[in-house]
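Quick note on our numbering: the sequence shown kicks off at 5 and runs consecutively. No residue lacks a Cβ here, since even glycine has one placed at the ideal position from N, Cα and C. A quick note: this is a predicted structure, and the numbers were derived from the prediction, not measured. For reference, the structure discussed in these notes is given below.
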Amino acid sequence: MDYTTTDKRDFSLEDILEELEADFKNMVKPNILIAGKTGVGKSTLINSIFRENLAQTGTGMPVTQHLKKISKDSVPVNLFDTKGLELKDIARKEIQSEIVAEIETREKTNDVKEQVHLMWYCISYESERIEREEIEWIRLFSEKMPIILVLTQCISDDEAFAKEIDNLNLPVVNTVKLLAAPKKLMGNFEVPSYGLGNLVQLTFQVLPEATKKAFVNAQKSDIKLKVEQAKKWSMGFIASSFGVGFTPIPFSDSIALVGIQITLITKITNIFGFPNSKALMQTIVSALAGSSTATLIGKAIVGNIFKLIPGVGTFAGGMINGTVASTLTTSLAFAYIKVCEKLSSFEDLNELSHEDIAKMVKENFEKELRNKNKKEVG
Ligand SMILES: Nc1nc2c(ncn2[C@@H]2O[C@H](COP(=O)(O)OP(=O)(O)OP(=O)(O)O)[C@@H](O)[C@H]2O)c(=O)[nH]1
Ligand SMILES: [Mg+2]
């Protein structure tokens, strides 16, 4: 739906959830091929980077004999996990043609949704060797897509292997050293995981523009990236909604802002990504509206929010111009982003009750709106 500030309809919870879902379905999922020999740590990496332990909980559909597609409705990414790359000779050639044929079939559709966008080629740092066959694999795949070389299970400071790989001048866009899951050593010593955020950043840069939003949602290793992207998107959206063309509206018509504000919170929710975002949104919206009924709640939300903002009383009889509208809405966006950031730090949102979430939403909104608008609006 496209809202304008001349739109004075009120909204039901139903409308909001519909918009949330439509926006989610609109995201283009990145297709990432995760290649490497057995045991290098592909599944461990998938579970560490993506939400909801994707390698365990996502369905693994065989695409071909040696490619398994891992996906889950609530996590907007498609992963293609390889099997058998360690095999030798004839079997290896067969697997190569099988995987390349699949990539080419997808290429021919000329549809960004079908293309394989990127490969993570995984080599175990522990093995301290890269075989001739692997170099051949990387060269072959690099003609089809960008490759990020992932050196997995790396727990040593020794740079010798990394240098050796560097000297090979492989056709990869980047190399990342990481430890996907903490590793227990002797004497109760544990090496913490690291490098995941780095892989997320590089992947984000390389993926096609159309798939970036879905990737930001699907990954869980870099919450800052979610915050950054949500802020960036919100600022652009607010500027275009309340910019030069904005005609001042009477304050009594501030319901006209609600459509835009609802678009804002649904998009932010989908930039972050939550396991059951509909239920979460329902909780958040009813907390803001002060009611959980599915009747018209837009007016209630905007009323409750404006009450929190110092200074609003002083211009209640006047007009809202573009600057004021954008200040109010920016505060709303930033308060909501704070809430999403906090919620993202929970591995399992089921730890929180409906009441916990409602309380968190209210507290953060009050804090953010009171502080932010003291100078700007009051
Ligand atoms: N602690 C720790 N263990 C790891 C890590 N990566 C892999 N492992 C261990 O190494 C073994 C193999 O890892 P997987 O993630 O199953 O490897 P894979 O590449 O998916 O293997 P296949 O599915 O057979 O191709 C498992 O026992 C993992 O627990 C890591 O980053 N940290
Ligand atoms: Mg595996």
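Quick one: residues in its chain with C-beta nearer than 7 Å to the C-beta of residue i, no 5 flanking neighbours on either side, listed in chain order?
i           : result
residue 198 : 182 and 183
residue 294 : 304 and 308
residue 200 : 52, 53, 182, 184 and 225
residue 20  : 266, 270, 285 and 289
residue 82  : 33, 35, 73 and 75
residue 132 : 165
So if DSSP puts residue i in a beta bridge, which residue, or which two residues, is it bridged to?
i           : result
residue 64  : 74
residue 181 : 155
residue 124 : 38 and 152
residue 54  : 223
residue 300 : 16
residue 253 : 324
Work out the CA separation of residue j and residue i for me, nearest whole Å.
i           : j           : result
residue 189 : residue 158 : 13 Å
residue 225 : residue 250 : 39 Å
residue 150 : residue 352 : 33 Å
residue 121 : residue 86  : 15 Å
residue 348 : residue 222 : 12 Å
residue 331 : residue 292 : 19 Å
residue 381 : residue 325 : Low local confidence applies: a pLDDT of 48 at residue 381 is under 50, so the model's placement there is unreliable, with the coordinate-based value given in what follows. Looking at the two C-alpha atoms, the distance is approximately 12 Å.
residue 107 : residue 146 : 12 Å
residue 5   : residue 237 : Note on residue 5: pLDDT 48, under 50, position unreliable in the model; the coordinate value appears next. Approximately 17 Å, taken between the alpha carbons.
residue 16  : residue 370 : 23 Å
residue 210 : residue 204 : 10 Å
residue 234 : residue 219 : 13 Å
residue 217 : residue 275 : 6 Å
residue 36  : residue 212 : 12 Å
residue 279 : residue 322 : 42 Å
residue 112 : residue 105 : 11 Å
residue 346 : residue 202 : 21 Å
residue 361 : residue 340 : 12 Å
residue 192 : residue 327 : 58 Å
residue 135 : residue 96  : 13 Å
residue 144 : residue 78  : 33 Å
Note down, in chain order, each residue of its chain lying with its Cβ closer than 6 Å to the Cβ of residue i, except the 5 sequence neighbours on either side.
i           : result
residue 99  : 70 and 88
residue 178 : 152 and 206
residue 337 : 238 and 268
Just curious, the beta strand (DSSP E) that residue i is in, first and last residue?
i           : result
residue 154 : 151 to 156
residue 86  : 79 to 86
Tell me which residues share the same chain as residue i and place their Cβ nearer than 8 Å to its Cβ, disregarding the 5 neighbours each side in the sequence.
i           : result
residue 102 : 68, 69, 70 and 71
residue 214 : 32 and 116
residue 141 : 39, 89, 100 and 125
residue 333 : 242, 245, 246, 261, 264, 265 and 268
Go to residue i, then tell me how far its alpha helix (DSSP H) extends in each direction, as first and last residue.
i           : result
residue 19  : 17 to 30
residue 265 : 262 to 276
residue 145 : 136 to 146
residue 334 : 326 to 348
residue 357 : Neither: residue 357 is in no alpha helix (DSSP H) and is coded neither H nor E.
- Task: Mind listing, in chain order, the continuous beta strand (DSSP E) runs of no fewer than 3 residues lying wholly within the stretch 163 to 238?
- Result: Every beta strand (DSSP E) stretch that sits fully inside the stretch 163 to 238 and reaches 3 residues is listed by chain position as 178 to 181.
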